[in-house]
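K.L.:
So that we are looking at the same thing, I have put the structure below in structure tokens.
Protein chains: 2
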Amino acid sequence: MSTPLFSGQHSRLDNGVDDTSWSSNPSLTNKHLAMIGAKVSPIESLDYELIENELFRQDWRSRKRVEILQYVVVKWTFVFLVGLFTGIVAFGINLAVENIAGLKFVYTVNFMTSERFVLAFLVYAGANTILVMLAAMLCVYVGPSAAGSGIPEVKAYLNGVDTPNVFSLNTLFVKVIGSIGSVAGGLIVGKEGPLVHVGACIASLLGQGGSVRYGMTWKWLRYLKNDRDRRDLVTCGAAAGVAAAFRAPVGGVLFALEEVTSWWRGPLLWRAFFTTAVVAVVIRTGIVWCKHGNCGLSGEGGLIIFDISGNPDDYGLQELLPVIILGVVGGLLGSLFNQINGKIIMWSNGWLKKKGKGAKIVQAVVVTLITSVCSFGLPWLAKCQPCPKTLGIPGEATCPTYGRTGNFKSFHCPADTYNDLAGLFFNTNDDTIRNLFSKGTNGEFAFSSLIIYLVTSYSLALLTYGIAVPSGLFVPAILCGATYGRIMGMAMKQMYGTAGPMDEGIYALLGAASFLGGSMRMTVSLCIILLELTNNLSLLPLIMLVLLVSKTVGDGFNDALYHLHVQIKDIPFLEAHPLPFMRHLTARDAITGPLVWFSVIERVGTILEVLHTTKHNAFPVVDDNFDDGKNQRPVFCGLVLRSHLLVLLKKKQFLERREQGGLQHDGTFSPAEFAKPGSGKGAKIHDIHLDIAEEEMFLDLHPVTNTSPYTVVETMSLAKAYTLFRQLGLRHLCVMPKSSEGQPILGLLTRHDFMPNYLLNLHPSLRQSNHRKIHAFPSFCSPTQP
Amino acid sequence: MSTPLFSGQHSRLDNGVDDTSWSSNPSLTNKHLAMIGAKVSPIESLDYELIENELFRQDWRSRKRVEILQYVVVKWTFVFLVGLFTGIVAFGINLAVENIAGLKFVYTVNFMTSERFVLAFLVYAGANTILVMLAAMLCVYVGPSAAGSGIPEVKAYLNGVDTPNVFSLNTLFVKVIGSIGSVAGGLIVGKEGPLVHVGACIASLLGQGGSVRYGMTWKWLRYLKNDRDRRDLVTCGAAAGVAAAFRAPVGGVLFALEEVTSWWRGPLLWRAFFTTAVVAVVIRTGIVWCKHGNCGLSGEGGLIIFDISGNPDDYGLQELLPVIILGVVGGLLGSLFNQINGKIIMWSNGWLKKKGKGAKIVQAVVVTLITSVCSFGLPWLAKCQPCPKTLGIPGEATCPTYGRTGNFKSFHCPADTYNDLAGLFFNTNDDTIRNLFSKGTNGEFAFSSLIIYLVTSYSLALLTYGIAVPSGLFVPAILCGATYGRIMGMAMKQMYGTAGPMDEGIYALLGAASFLGGSMRMTVSLCIILLELTNNLSLLPLIMLVLLVSKTVGDGFNDALYHLHVQIKDIPFLEAHPLPFMRHLTARDAITGPLVWFSVIERVGTILEVLHTTKHNAFPVVDDNFDDGKNQRPVFCGLVLRSHLLVLLKKKQFLERREQGGLQHDGTFSPAEFAKPGSGKGAKIHDIHLDIAEEEMFLDLHPVTNTSPYTVVETMSLAKAYTLFRQLGLRHLCVMPKSSEGQPILGLLTRHDFMPNYLLNLHPSLRQSNHRKIHAFPSFCSPTQP
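Set out below in structure tokens:
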């Protein structure tokens with residue numbers, strides 16, 4: 001029994017995440033790959049489980065009270081810093097966007113007032129193209145992970161999926177500069193989604209716990225060097241991002257809770273909330289600072305803020321019907337958006353794969369040109385309208401306006417008239433939203449103008465989300481939703497006369513809610529964000545109603561947008577609940593291929609060979625000579641991690657003979673050496689070189705073996721095994737035999753073994769019962785799965 | 001191998017929760033008992049796990065799409081109804097309290113204006129005594145579970161602890177009437193805690209899914225007949241209660257999330273939020289209805305509402321120090337409150353146990369008399385102050401007032417003067433809070449008056465919480481906190497002069513926050529509730545700061561109040577994380593005593609005897625003749641529940657011989673028969689009578705055996721087994737042997753096997769390492785553990 005059983009045999013195995021083909025996509029069979037941003041990247045899993053080996057227990061016993069206090073202080077300091085930096089960066093992005101876009105509009109308008117329209121267009125389109133091209137080039141060549149909104153990637157990370165560069169410094173840089181470029185470049189995109197990614201990046205970079213390379217490790221930080229604490233920090237970062245984007249501290253926390261995270265712990269609520277409060281204070285300070293004229297063209301700091309408090313009771317039962325209609329329309333348009341956007345992205349991904357990097361930049365430029373033509377050209381279709389006699393809003397009581405802001409754009413119109421369509425198209429997105437939401441401006445926009453804007457912005461949003469620039473979806477959704485909301489408000493006014501219903505601005509708000517609900521399917525956090533934006537609690541029941549209706553209608557057709565994108569990107573995401581067909585399988589049914597294991601005292605050469613030839617991240621450890629009184633049989637001892645083996649091999653302190661004991665107990669290994677470094681920074685097997693004598697020596701695996709891995713019996717229903725795996729955030733789940741006569745352990749299940757596509761490929765007969773979600777309506781559009 | 005191994009042997013066993021002595025309290029050794037309300041009651045556990053037996057799988061396979069839709073519709077209807085009923089009941093309580101207390105004050109003031117002070121006192125004290133006595137008698141004789149705030153009981157239920165009467169119709173009735181009595185009776189108690197319990201009661205009663213006895217079962221409801229869906233419903237009910245108490249829909253949801261629940265699922269967020277929105281609409285409708293004069297003496301519906309929006313920017317850096325001081329004071333006073341209150345309750349529990357039920361009523365009456373004497377007598381100590389020339393609040397611009405409300409109580413003072421202490425004492429608690437929080441009333445209260453009120457209300461609150469009436473703690477905490485907050489505000493004004501700092505009303509608000517934070521240690525939900533109460537988002541950073549400081553200071557001394565009460569009540573509560581000492585134990589170390597198990601085909605008489613002689617709720621099922629190819633050995637098949645066995649025995653369809661098959665497969669058992677009824681309503685073993693011939697027959701346990709129970713290997717660290725048990729909400733956890741030569745299963749772990757006291761009694765050597773919480777300060781007060 002001196003050589004390990006099965007070791008050396010390796011085929012399609014199941015102890016690591018890197019080797020199992022779970023995807024039905026034929027191009028991704030060899031490695032686990034997913035689309036991260038605009039780049040296909042390899043994927044690992046994160047270790048959330050406590051590795052209870054002997055080293056851990058020794059370290060844990062020796063922890064002093066002061067060290068625990070240090071840990072708490074460090075954690076709180078970090079969440080404070082996350083809030084601070086996210087707030088500052090978000091404010092900086094706003095400032096840059098407002099100033100750059102402002103400058104662009106000032107020059108364009110100058111040419112327009114002197115009636116040099118062609119030159120005006122060239123300046124306008126040229127500026128947009130340069131800005132977007134910059135963003136696209138950065139995305140393609142410097143940080144491909146930064147493309148898109150980043151929310152699917154953050155969601156994936158918090159679900160336990162590790163990708164090397166998703167939170168790197170490069171990505172952060174590109175995300176910040178790129179989203180300035182794409183937003184200032186006039187695309188129908190927002191900076192809200194990217195800000196979530198920015199917050200998560202900042203959190204993750206802080207959570208690396210210093211840098212060993214630059215000698216910046218700090219003893220205090222070593223307790224944070226694990227995936228669990230990093231996950232908490234990234235959650236806080238995501239919350240901070242939303243809070244900064246909308247100035248909504250409570251909404252930010254709930255967004256993280258509802259949409260982004262997969263696991264939530266009680267104390268995290270408080271820490272996330274602290275982070276968002278810091279963000280709120282930073283942004284508030286920034287706005288006060290801007291009020292003293294330090295911010296150039298930026299007025300309110302560029303945040304969507306519209307205070308519609310006051311007259312809260314001016315809605316009654318007659319508003320019920322239009323609100324429900326808005327909900328239905330939002331659900332239909334939102335789910336249609338998801339559907340078409342998914343198809344476009346899949347189609348363009350395929351096309352871009354053939355054409356290479358340059359094509360991505362061309363795609364971005366073409367979309368920018370189309371957008372510029374629309375936003376400059378379409379206002380010419382609108383009739384010039386006479387300025388209203390009494391202006392509703394005291395602050396903006398000029399008509400027409402020639403400058404950067406204001407509801408009543410002059411555009412090409414003669415004096416005392418304004419172009420309502422230019423107020424929508426020829427503006428930054430934030431200003432357009434403010435115009436649509438503005439109260440006391442009933443009848444400002446013509447029916448036809450709103451319809452033109454709705455169709456155009458909907459189409460442009462579909463085209464834009466998916467090109468290789470940082471792009472958020474909140475703003476496009478709000479733009480579309482607010483437009484048809486306002487249309488509904490105008491229709492209501494025509495029915496009830498001027499004295500009747502709510503303000504058109506409130507209809508616009510409800511419309512925005514319906515589109516967001518119909519597309520993103522978030523509920524509570526959207527509700528709170530909209531309440532915080534409007535600062536008016538009395539709208540709560542209406543917003544809830546509209547969200548409830550639109551989400552229900554949308555769920556009848558397809559999945560939520562981010563969920564769809566997670567699927568399109570091929571990310572091995574673990575849903576909260578097992579799929580129904582998993583109840584027909586047992587844990588054993590998910591195991592494929594033979595297993596590689598180590599003896600508790602193993603030959604160094606064998607370990608080296610296995611590490612070289614497999615990509616598994618954990619290996620069962622088996623005691624070959626366990627004596628249970630009657631006879632000696634192999635018994636399962638626990639799991640050992642690849643990363644821990646690499647540390648042991650690097651130290652080269654091996655045993656001469658196959659006997660327990662020695663080196664690891666003499667304190668030569670500090671627990672800090674086994675701490676998990678940031679993603680992509682661990683030791684690699686290729687860095688380890690041993691001579692032949694060393695390969696013939698032995699390694700005692702006792703001290704690094706996690707003797708308490710979670711196990712299930714082979715007959716356990718796979719659905720319940722899934723629940724265990726998902727709820728506890730495991731990376732490896734051991735499947736034990738029912739009767740112990742054969743192998744001591746049957747296999748390891750990892751994330752990929754629970755992927756529906758993988759399981760359905762193994763057991764094709766189950767395909768029928770795979771009704772993954774109840775779509776109440778006939779599925780004219782089935783879930784977009786590549 | 002025809003008789004089951006070990007069956008018949010039963011001593012101190014570990015397969016059920018009812019038989020293990022986990023408590024170190026010598027009086028509670030035979031049964032699991034805990035203090036529920038004012039009564040010691042037996043305790044069970046709830047079944048959250050899906051019982052995946054054959055019957056379940058058959059039922060589950062046959063579920064049609066329309067049935068799933070029915071399930072969804074029923075769930076949403078129920079949360080709607082929970083919101084509706086909770087809102088109506090809460091509004092009714094407010095109305096009743098306002099009218100009864102109003103009438104009391106009207107009569108008393110009438111006698112006082114005619115200078116018949118003794119008669120006035122007799123009327124006042126008499127009315128209070130009658131009201132509180134009514135409440136106490138109801139509590140003692142009708143619904144003892146209704147005493148106290150009920151939050152610890154709701155917390156316990158949502159942690160998986162089942163007590164028969166905690167959500168019964170009796171309890172609901174007593175809670176509603178009793179809290180009207182105790183609040184209208186002038187005690188320093190609130191109706192907020194009781195409303196949480198009321199919401200949970202309503203939810204639980206609805207969640208029973210009709211009544212079999214009254215023929216009110218409805219086929220649609222059968223899907224809700226499980227503890228999992230009931231848990232969700234009760235969570236929504238608790239959220240609805242808070243929302244109704246404070247008119248804070250968002251705060252209600254977060255309160256449920258942060259303080260009350262132990263498990264949280266994504267979809268629940270949305271459903272809970274829907275419930276609280278319904279509550280908000282109901283309350284709003286009620287208030288509008290009251291404005292038309294339908295509500296007698298009730299003005300604003302009796303809710304604490306104070307709108308302090310406006311001038312949000314009037315605080316700066318000079319407010320930082322007093323706010324931190326407030327936080328520290330709140331932490332100190334709050335943790336001291338917890339400590340003394342715990343001691344008083346433990347002492348009085350011991351005393352009351354000797355004296356019996358009458359003593360509880362005497363206690364309540366004595367406390368009422370003390371409160372009446374204080375609130376009527378102490379205002380005489382105050383100097384009559386001249387009415388201010390300019391009144392800050394336009395609405396209440398009368399001084400002095402003689403009626404029920406108003407800041408400036410005349411009491412015994414001559415014309416044009418007012419008694420400031422009477423404005424605090426001689427008022428309903430809600431009006432006192434409104435007076436303390438009121439803005440623009442700087443200098444209204446004298447320094448000495450506030451100090452007298454602080455000392456008195458603090459002492460009375462300590463005495464009152466724990467007597468046998470429904471009593472909430474929010475109001476006492478807000479009263480004390482607001483008082484010292486206002487004192488701090490006055491001190492600040494003296495330092496900075498009149499022009500300087502924030503309004504005294506805002507200081508009062510921050511003081512209230514600090515006391516709540518220092519005593520209850522909630523953070524986010526308190527923050528949101530206070531924000532929703534004041535409708536002023538700009539106070540967020542200050543409230544957060546004060547909560548952060550007070551919670552940190554409080555945590556330095558002892559546990560949160562509700563947590564302390566859970567301990568005092570001896571409730572076997574599962575904390576979110578295992579205690580450190582559990583890492584020194586393995587799963588095997590928690591097992592005590594031999595195990596009772598059944599064969600897959602078992603003699604009826606054996607089952608009957610075991611069910612009679614043990615109180616276990618689950619039994620392992622073992623296949624004695626499992627053939628693994630080499631030899632026949634007993635193998636563990638799964639778990640069978642007592643309740644399922646009772647259903648089988650009741651049907652009396654037994655097998656003649658020991659052979660598989662037959663009866664259960666012919667459809668005579670509908671899955672509905674195995675649905676879990678509400679607590680205390682299941683079949684009892686004593687109702688089953690079999691003759692001798694039947695006892696000699698056999699029962700095939702295959703169809704009811706849950707073949708996928710969660711298991712751990714005996715060497716698994718107990719801390720990780722705890723994590724599994726707690727995260728998945730298990731009731732039974734199977735401990736499997738490492739080597740299968742001996743028994744096929746070693747034991748079952750239940751909730752009680754994870755209780756620290758039980759484990760430390762088993763392994764006394766670990767007592768040293770049981771540092772359950774890091775209290776940074778020297779523990780002048782250790783956690784109060786009986």
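Protein chains in written order, with full-length UniProt numbering: chain A, 1 to 786; chain B, 1 to 786.
Beta carbons are placed, not taken as given, at the ideal position from N, Cα and C, and that holds for glycine.
#1: Using the beta-carbon count (16 or more within 10 Å), is I591 (chain A) buried or exposed?
#2: Count the CB pairs spanning the stretch 606-622 of chain B and the stretch 635-644 of chain B that are closer than 8 Å, and state whether there are at least three.
#3: How would you call E696 (chain A), buried or exposed, if buried means at least 16 neighbouring beta carbons within 10 angstroms?
#4: Are the C-beta atoms of N535 (chain A) and some chain D residue less than 8 Å apart?
#5: Can you pull the DSSP bridge partners for C734 (chain A)?
#6: Give the straight-line distance between the Cα atoms of A382 (chain A) and V183 (chain A), rounded to the nearest whole angstrom.
#7: Hey, how far is the Cα of V189 (chain A) from the Cα of P476 (chain A)?
#8: For F167 (chain B), collect the residues of the same chain with a Cβ closer than 7 Å to its Cβ; drop the 5 residues on either side in sequence, then sort them by chain order.
#9: Anything in chain A within Cβ reach of E52 (chain B), meaning under 8 Å, just list it in chain order.
#10: Can you give the Cα-Cα distance for T464 (chain B) and T432 (chain B), rounded to whole angstroms?
#11: How about residue 813 (chain A): is its C-beta nearer than 8 Å to some C-beta of chain B?
#12: I want to know whether the stretch 368-379 of chain B touches the stretch 574-591 of chain B - three or more CB-CB distances under 8 Å.
#13: Determine the chain B residues that contact E532 (chain A) at a beta-carbon separation under 8 Å, and present them in chain order.
#14: I need the DSSP call for residue 847 (chain B), collapsed to helix, strand or coil.
#15: Would you mind sorting N128 (chain A) into buried or exposed? The rule is 16 or more other CB atoms within 10 Å of its CB.
#16: Using C-beta distances below 6 Å, list every residue in its chain close to K175 (chain B), excluding the 5 sequence neighbours before and after it, in chain order.
#17: Pair every Cβ in the stretch 258-273 of chain B with every Cβ in the stretch 155-173 of chain B, then say whether three or more of these pairs are closer than 8 Å.
#18: Got a sec: is the Cβ-Cβ distance from A277 (chain A) to anything in chain B below 8 Å?
#19: Anyone know if the C-beta pair for G185 (chain B) and I344 (chain B) falls short of 8 Å?
#20: Which chain A residues are close to M544 (chain B), counting only those with a beta carbon under 8 Å from its beta carbon?
#21: For L766 (chain B), which residues in the same chain have their Cβ closer than 8 Å to its Cβ, ignoring the five residues on either side in sequence?
#22: Between the C-alpha atoms of K439 (chain B) and G505 (chain B), what's the straight-line distance to the nearest angstrom?
#23: So, at 8 Å on beta carbons, what are the nonlocal neighbours of F91 (chain A) in its own chain, with the 5 sequence-adjacent residues on each side left out?
#24: Mind pulling the alpha helix (DSSP H) runs of 4 or more residues that sit fully within the stretch 592-660 of chain B?
#25: Quick one: what's got a C-beta closer than 7 Å to V278 (chain A)'s C-beta in the same chain, skipping five residues either side?
#26: I believe G638 (chain B) touches T707 (chain B) by the beta-carbon criterion, under 8 Å. Please report the beta-carbon distance rounded to the nearest angstrom.
#27: Which residues of the stretch 700-713 of chain A have a Cβ closer than 9 Å to any Cβ of chain B? Give them in chain order.
#28: Beta-carbon of L766 (chain A) versus every beta-carbon of chain B: anything under 8 Å?
#29: Please determine, among A:S525, A:G330, A:F654, the residue with the shortest C-alpha to C-alpha distance to V253 (chain A).
#30: Residues in the same chain with beta-carbon distance under 6 Å from K39 (chain A), minus the five sequence neighbours each way, listed in chain order, please.
#31: Assuming L55 (chain B) and V704 (chain B) are in contact, meaning their beta carbons sit under 8 Å apart, how far apart are those beta carbons, in whole angstroms?
#32: Run through DSSP, which three-state label would K383 (chain A) get?
#33: Using alpha carbons as the reference points, say which of B:V566, B:G443, B:A513, B:T235 lies closest to L540 (chain B).
P.N.:
In terms of the structure at hand:
#1: Residue mapping note: residue 591 (chain A) aligns to position 591 of the first sequence, counting from 1. With 16 or more other Cβ atoms within 10 Å, it is buried.
#2: yes
#3: As a working mapping, residue 696 (chain A) is identified with position 696 in the first sequence. Classification for E696 (chain A): exposed.
#4: Absent here is chain D; the protein component of the structure consists of chains A and B.
#5: Start at 1 with the first residue of the first sequence, and residue 734 (chain A) comes out as number 734. A:T711, A:L748, per the DSSP bridge assignment.
#6: For the purposes of this step, residue 382 (chain A) is identified with residue 382 of the first sequence, where counting begins at 1. For the purposes of this step, residue 183 (chain A) is identified with residue 183 of the first sequence, where counting begins at 1. Answer to the nearest angstrom: the Cα atoms are 25 Å apart.
#7: Translated into positions along the first sequence, residue 189 (chain A) becomes position 189. Translated into positions along the first sequence, residue 476 (chain A) becomes position 476. One C-alpha to the other measures close to 6 Å.
#8: Position 167 of the second sequence, counted from the start, is the residue given in the question as residue 167 (chain B). Here the set comprises A200, C201, S204, L205.
#9: As a working mapping, residue 52 (chain B) is identified with position 52 in the second sequence. In chain order: R583, S717, A719, K720.
#10: The residue given as residue 464 (chain B) occupies position 464 in the second sequence. The residue given as residue 432 (chain B) occupies position 432 in the second sequence. Taking the straight line from one Cα to the other gives about 18 Å.
#11: Any answer about residue 813 (chain A) is impossible in this case: the structure gives chain A only from 1 up to 786.
#12: no
#13: In the first sequence, the residue the question calls residue 532 (chain A) occupies position 532. Going along chain B in sequence order, the residues near E532 (chain A) (Cβ under 8 Å) are L537.
#14: Absent from the model: residue 847 (chain B). The displayed extent of chain B is 1 to 786, so no value can be given.
#15: Here residue 128 (chain A) refers to the residue found at position 128 of the first sequence. Under this definition N128 (chain A) is a buried residue.
#16: Translated into positions along the second sequence, residue 175 (chain B) becomes position 175. Here the set comprises A146, P194, H197, V198, P470.
#17: yes
#18: Position 277 of the first sequence, counted from the first residue, corresponds to residue 277 (chain A). It does; some Cβ of chain B falls within 8 Å.
#19: Residue 185 (chain B) sits at position 185 when you count from the first residue of the second sequence. Residue 344 (chain B) sits at position 344 when you count from the first residue of the second sequence. Their beta carbons are not under 8 Å apart, which means G185 (chain B) does not touch I344 (chain B) by this criterion.
#20: Stepping through the second sequence from its first residue, residue 544 (chain B) is reached at position 544. Chain A residues near M544 (chain B): F273, F274, A277.
#21: Numbered from its first residue, the second sequence carries residue 766 (chain B) at position 766. Result list for L766 (chain B): F581, H584, L585, L759, L760, in chain order.
#22: Here residue 439 (chain B) corresponds to residue number 439 of the second sequence, with the count starting at 1. Here residue 505 (chain B) corresponds to residue number 505 of the second sequence, with the count starting at 1. Roughly 5 Å between the two C-alpha positions.
#23: Here residue 91 (chain A) is taken as the residue at index 91 of the first sequence, counted from 1. Answer for F91 (chain A): A244, V282, I283, G286, G301, listed in chain order.
#24: 604-613, 642-651
#25: As a first step, residue 278 (chain A) is located in the first sequence; it is residue number 278 there, counting from the start. So the qualifying residues of the chain are F80, G83, L84, G87.
#26: To locate residue 638 (chain B), count along the second sequence from 1; it is residue 638. To locate residue 707 (chain B), count along the second sequence from 1; it is residue 707. Right, their Cβ atoms sit about 4 Å apart.
#27: T707, S708, P709, Y710, T711, V712, V713
#28: Looking up residue 766 (chain A) in the first sequence gives position 766. Chain B, which has no Cβ nearer than 8 Å to the Cβ of L766 (chain A), makes this no.
#29: On the first sequence, residue 253 (chain A) is found 253 positions in, with the first residue counted as 1. The candidate whose alpha carbon is nearest that of V253 (chain A) is A:S525.
#30: One-based indexing of the first sequence puts residue 39 (chain A) at position 39. Counting only Cβ-Cβ distances below 6 Å, and skipping sequence neighbours, we find P144.
#31: For this step, residue 55 (chain B) is matched to residue 55 along the second sequence. For this step, residue 704 (chain B) is matched to residue 704 along the second sequence. Contact holds; Cβ gap of about 6 Å.
#32: Mapped onto the first sequence, residue 383 (chain A) falls at position 383. Reduced to three states, the DSSP call for K383 (chain A) is coil.
#33: For the purposes of this step, residue 540 (chain B) is taken as the residue at position 540 of the second sequence. The shortest Cα separation from L540 (chain B) among B:V566, B:G443, B:A513, B:T235 belongs to B:A513.
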